[in-house]
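Trainee: Our numbering puts the last residue of the sequence shown at 477; the count rises by one with no breaks.
Cβ coordinates follow ideal geometry from the N, Cα and C atoms, glycine included.
Sharing a structure here in structure tokens format.
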Amino acid sequence: LGYPVSALQEPLELVSDRLPEHVTLRRLPEMAGRTVTVAGVRLPGWTGGQGFHLWDGETWVIARTKELQKAPTAWEPLILLGRWTGDEWGTCWLQVEEMHGGQSGR
Numbered sequence: 372l373g374y375p376v377s378a379l380q381e382p383l384e385l386v387s388d389r390l391p392e393h394v395t396l397r398r399l400p401e402m403a404g405r406t407v408t409v410a411g412v413r414l415p416g417w418t419g420g421q422g423f424h425l426w427d428g429e430t431w432v433i434a435r436t437k438e439l440q441k442a443p444t445a446w447e448p449l450i451l452l453g454r455w456t457g458d459e460w461g462t463c464w465l466q467v468e469e470m471h472g473g474q475s476g477r
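Here it is in structure tokens:
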């Protein structure tokens, strides 16, 4: 990715004092189906399908937004409201209902 590993470990450190109460990405499977708030940054690159890669310094997940919504700027802090969901083949993702931060956020 062109960044030292240390830069990727704490992507939210500079804004941690301004983050609302949120669930870590690693806890999403235990919150399946419930609406939760998460924080992270969009990783550069493409998922091979819908959405983008979301990283919180420990875990990454695929986050899917409304079809016409532009992907947020890579590496900018994001606050997302959504539900952990999946399909019949075992693929899981965060279905985003609201996104704040990045260029596409409010």
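Am I right that residue 472 and residue 449 are in contact with their C-beta atoms under 8 angstroms? What's the rounded C-beta distance?
Mentor: Right, the Cβ-Cβ distance comes to about 4 angstroms (below 8 angstroms), so this counts as a contact.
Trainee: Specify, as a first and last residue, the run of the beta strand (DSSP E) that residue 468 falls within.
Mentor: Note, residue 468: beta strand (DSSP E), 463-471.
Trainee: Using only the alpha-carbon positions, how far apart do residue 406 and residue 467 sit?
Mentor: For residue 406 and residue 467, the distance between alpha carbons rounds to 9 angstroms.
Trainee: Do residue 434 and residue 422 come within 7 angstroms of each other at the CB atom, strictly closer than that value?
Mentor: Closer than 7 angstroms, so yes.
Trainee: Any heavy atom of the ligand HEM closer than 6 angstroms to the CB of residue 411?
Mentor: The ligand HEM is absent from the structure shown, which contains no ligands of any kind.
Trainee: Can you tell me where the beta strand (DSSP E) with residue 424 in it begins and where it stops?
Mentor: Where residue 424 is concerned, the enclosing beta strand (DSSP E) stretches over 423-426.
Trainee: Return helix, strand or coil for residue 451, following the three-state DSSP convention.
Mentor: DSSP places residue 451 in strand when its eight states are reduced to three.
Trainee: Tell me, to the nearest whole angstrom, how far the beta carbon of residue 410 is from that of residue 427; I am working on the premise that it is less than 8 angstroms.
Mentor: Contact flag correct, Cβ pair sits at about 6 angstroms.
Trainee: Out of curiosity, what's the CA-to-CA distance linking residue 458 and residue 429?
Mentor: Cα-Cα distance, rounded: 24 angstroms.
Trainee: Does DSSP put residue 394 in a helix, in a strand, or in coil?
Mentor: Of the three classes helix, strand and coil, the one that applies to residue 394 here is coil, per DSSP.
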